[in-house]
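For reference, the structure discussed in these notes is given below.
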Amino acid sequence: MLSLGIGIGANTTIFTAANALLIAPPSGVAAADRLVDIGRTTRGGGFDTVGYPTFADLRDATAGVFTGVYAVRVEPQPMSLGAAGGARRIYAQMVSASFFDVLGVPPAAGTFFRTDEERVGVPLRKVVLSHASWRRDFGGDPAVVGREIVLNGDSFVVAGITPEGFTGTTILSPDLWVPLTAYARATPSEGLITGRANSWLTMSARLAPGVSVDQADQAVRAFAARLLEAYPDVYRDRGLTVMPTSRVPGEAGAFAVPFVGMLMGLVGLVLLVACANLAGLLLARTTGRAREIAVRLALGATRGSVVRLVLTETLLLFGIGALAAIVFAAWTTGAMAGLLTTLPFPIALDFAMDWRVIAFTAGLTLATGLVTGLVPALQATRTSLTPDLKQDAGAPRRRRLRHAFVTAQVAACVVLVTLAGLFLHALGRAGTVDTGMVVDGVDVAAVNLELGGLPSEQWAEAAEDLRARLRTLPGVTEVGAGRVVPLQGSSMGLGDVRRRGDTTDEGRIDADWNVITPGYLQAIGVPVVRGRAFDERDRADAPMSAIVSAHLAERTWPGQDPIGQMVEFGDFRPGHEDVRTMTVVGVTRDAKYRSIGEAPTGFIFVPLAQYPMEETHFFIRRGDTPVGERLVRDVLRAYDPNLPLVDYSPFRQQADLGLLPQRIASTTAGALGAVALVLAAIGIYGIMAFAVASRTREMGLRAALGADPARLRRLVLLQGLRLTGAGVGVGLLAALGVAQLVRSLLFGVSPADPVSFGLTAVGVLALGVAAGIQPARRAARVDPVVALRAE
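Numbering (the numbering used here), first residue to last: 75 to 865.
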């Protein structure tokens with residue numbers, strides 16, 4: 075019952091997470107099953123963001139298909155909330171004015187935005203507070219509705235308050251919602267909103283009555299074809315598609331679904347081990363009851379009644395195990411909820427055991443109970459009255475099934491332990507991968523210059539001033555700022571890129587970008603191998619310069635000197651030319667930018683002085699002693715009392731966020747593998763012990779005929795080793811197939827890694843030998859006289 079509680083409980087835990095992440099509808103949303111997500115495809119694949127003009131056109135052109143369409147910028151937007159005690163950081167989500175109308179969410183107080191209020195070029199300075207923020211930041215005062223608050227130095231009016239429990243449609247939990255057309259500091263600019271080529275919004279819609287998802291998808295694809303005809307340069311190779319709504323939309327959802335599926339597979343293996351273990355024990359039990367069942371049948375009992383008897387006993391065990399599973403799952407889901415508080419952004423996931431979780435647990439318990447108990451129940455009725463009345467417990471037909479269940483346990487164990495070994499090897503390898511940059515001994519301070527009310531023309535000067543001030547802190551050796559934090563999977567782009575004047579496809583350059591200050595490359599230890607780094611020569615009024623990665627330089631100008639080469643970027647569409655030219659002044663060594671496992675990629679750095687950005691990260695290189703968040707806050711406060719520190723953490727910690735899936739997978743596989751090993755050891759021991767007990771007469775005869783104790787021990791140990799070896803062989807083959815499915819998480823470790831597979835095989839075989847030692851000793855101590863009197 076304990077093993078069933080762990081097996082069923084582990085499945086309940088992962089399903090609870092899957093339910094919160096992927097299945098349960100967002101709280102407070104009316105008829106969430108009628109909502110769909112609309113995303114951009116590239117060459118028929120993917121599910122990506124779109125620009126505001128695409129959203130506006132779709133909203134106006136699909137009235138018969140959707141009753142409403144809204145757009146949202148999924149990423150939480152840090153903002154500075156003005157307060158009497160000083161500014162504090164909050165998180166906002168940028169949404170179209172139709173957001174609440176489409177979701178059908180009633181306000182708890184006040185009103186929400188209205189679709190007719192949203193007009194491009196006209197500021198809509200309203201906010202809607204979340205119920206939690208209303209209570210936390212405003213003391214639950216109902217008079218806050220209609221009152222002005224200050225965000226990033228700009229005044230907004232509180233329009234309303236959401237119902238308790240409503241956190242939006244994604245897993246993020248914003249403090250408030252701000253219109254896309256607010257036109258305030260740290261909100262979308264006119265250029266971002268009106269740029270048709272910009273891609274930054276996720277779209278969702280509510281289906282009109284009688285319209286199916288497939289019908290909506292066909293209508294949206296037809297609309298995308300019309301867009302391509304009207305704007306061929308913008309929408310070349312691009313389309314639109316419709317999917318049922320998800321709390322993890324787009325590419326994140328494309329990763330989350332198979333990852334959660336993998337975790338469900340892992341916990342399913344543990345339940346398989348527990349069920350195989352129990353099935354083996356039940357087989358042994360029904361074998362021990364062979365005489366009883368034979369008597370029942372001889373006295374007129376039907377096979378059906380015997381099957382019902384065994385199944386009822388089995389389901390009783392599973393029912394008690396399910397109760398233990400609920401307790402186990404409640405504890406583990408509580409631990410998962412605690413982990414969410416360590417993430418650098420607000421998350422709203424309710425790990426409550428709702429009716430879906432309870433139904434899943436009940437269904438899983440019933441299904442596994444029936445399957446597990448059915449084989450022993452049917453085996454119990456396959457009786458031969460004469461042998462069974464003589465209690466022939468060791469008949470080969472009975473042993474084969476018990477051995478098959480032990481083999482299944484061992485095989486499942488091997489899969490789990492092998493996967494844990496592969497993930498751990500991958501994590502170890504990740505720690506030794508040369509990222510091309512220094513990760514340890516560097517702290518990252520995230521700052522949004524616009525939160526302090528600084529206008530865009532002062533961003534570059536402010537970043538340089540703050541950089542100089544941070545360099546004076548004790549123990550600091552270098553400071554630089556960059557828009558993107560490497561190794562977190564994120565990237566940015568500043569438009570299409572090509573060699574100067576080259577309009578052919580061969581002239582296009584595929585690259586990621588970062589906007590940096592002088593000192594950035596030195597702070598993260600990326601050397602400039604040719605040319606120079608950015609310095610005071612790269613002023614705002616100087617010709618625009620760029621530093622490129624060695625991979626991009628070799629691919630773009632093979633056999634040529636990249637220094638002095640000219641690159642164009644911007645909007646190359648005829649009649650829409652917005653092209654800027656930059657000169658390559660340096661080449662860096664190749665490094666890892668998005669993730670540790672990526673292949674060499676093209677990368678372009680441009681100076682922040684020539685391309686100002688409000689959101690930036692200061693990389694503070696130091697000695698062994700951390701600088702301390704308080705000192706950094708003091709520097710920001712001394713520069714501007716309204717400038718908050720958005721986040722502060724070691725670069726290593728931020729880079730390790732990219733390894734979170736591997737850590738979750740390795741921890742889960744390792745913990746479940748340990749449980750499965752214990753259960754398998756119990757199974758092997760039980761089968762061996764039962765085999766010795768059922769072969770007491772045979773052991774006595776062998777001893778009477780001259781077999782010494784060592785020979786009897788070897789006999790039993792070899793039987794256990796054969797069982798374990800068969801399970802190891804099957805498990806290694808299965809593990810090889812599963813490893814191919816998760817190879818993207820292995821960071822260059824081979825799915826057939828001989829170390830992981832070899833150590834697992836040796837370890838599990840040793841476990842099989844250890845589990846058989848005690849039964850082997852018991853066999854060697856059989857008294858021939860007592861054994862020959864045994865029935």
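Backbone N, C-alpha and C fix where the C-beta goes; we use that ideal spot for every residue, glycine too.
- Taken atom to atom, the span from the alpha-carbon of residue 615 to that of residue 682 is near 12 Å.
- Membership of residue 296 in the alpha helix (DSSP H) is indicated by the continuous run 287 to 304.
- Residue 122: member of the beta strand (DSSP E) spanning 119 to 122, first to last residue.
- According to the DSSP secondary-structure assignment, residue 151 is paired through a beta bridge with 166.
- With three or more CB-CB distances shorter than 8 Å, the segment 679 to 697 counts as touching the segment 547 to 562.
- Contact annotation: residue 685 and residue 589 have beta-carbon atoms nearer than 7 Å.
- In the three-state reduction of the DSSP assignment, residue 82 falls in the helix class.
- Ranked by Cα distance from residue 624, the options 407, 510, 375, 284 are led by 510.
- In the structure shown, residue 669 adopts coil according to DSSP, grouped into three states.
- Pairing residue 397 with residue 75, the inter-Cα distance amounts to about 9 Å.
- With the rule of 3 Cβ pairs closer than 8 Å, the segment 278 to 293 counts as touching the segment 137 to 145.
- Partner residues in a beta bridge of residue 320, as assigned by DSSP, do not exist.
- By the neighbour-count definition (other C-beta atoms within 10 Å, threshold 16), residue 742 is a buried residue.
- Taking C-beta separations shorter than 6 Å and ignoring five residues to either side along the sequence, the partners of residue 356 in its chain run 450, following chain order.
- With a cutoff of 7 Å on beta-carbon distance, residue 343 and residue 486 are scored as near each other.
- Taking a cut-off of 8 Å for Cβ pairs, the segment 653 to 671 and the segment 617 to 631 touch, as three or more such pairs fall below it.
- For residue 162, the closest of 718, 503, 240 by C-alpha to C-alpha distance is 718.
- The continuous beta strand (DSSP E) containing residue 722 extends over residues 721 to 724.
- Assignment of residue 643 by DSSP, reduced to helix, strand and coil, places it in the strand class.
- Apart from the 5 residues on each side of it in sequence, residue 272 sits with its Cβ closer than 6 Å to the Cβ of 125, 266 in its chain, given in chain order.
- Straight through space, the alpha carbons of residue 137 and residue 268 are spaced by roughly 22 Å.
- In this structure, DSSP gives residue 799 a helical state, which the three-state scheme calls helix.
- Burial check for residue 520: the Cβ neighbour count within 10 Å reaches 16 or more, so the residue is buried.
- Taking 4 residues as the minimum length, the alpha helix (DSSP H) runs contained wholly in the segment 581 to 649 are 594 to 597, 624 to 630, in order along the chain.
- Taking 4 residues as the shortest admissible run, the segment 196 to 267 contains the following complete alpha helix (DSSP H) segments, listed from N- to C-terminal end: 205 to 212.
- One thing to note: residue 746 has its Cβ no nearer than 7 Å to the Cβ of residue 395.
- In the structure shown, residue 144 falls within a strand segment according to DSSP collapsed to helix, strand and coil.
- Each residue's CA atom was taken as its position, placing residue 108 and residue 321 some 14 Å apart.
- The continuous stretches of beta strand (DSSP E) do not include residue 830, which lies in the alpha helix (DSSP H) extending over residues 828 to 854.
- Counting C-beta pairs with one atom in each stretch, the segment 663 to 678 and the segment 186 to 200 have fewer than three that are closer than 8 Å, which means they do not touch.
- For residue 352 against residue 446, the beta-carbon gap comes to about 6 Å, under 8 Å, which counts as contact.
- If you ignore the 5 residues before and after residue 431, its C-beta comes within less than 7 Å of the C-beta of 86, 89, 90, 93, all in its own chain and listed in chain order.
- With 16 or more neighbouring CB atoms inside 10 Å of its own CB, residue 842 falls in the buried class.
- Within the DSSP bridge table, the entry for residue 312 names 116 as partners.
- Just so you know, the alpha carbons of residue 661 and residue 739 end up roughly 38 Å apart.
- In this structure, residue 316 places its C-beta atom within 7 Å of the C-beta atom of residue 110.
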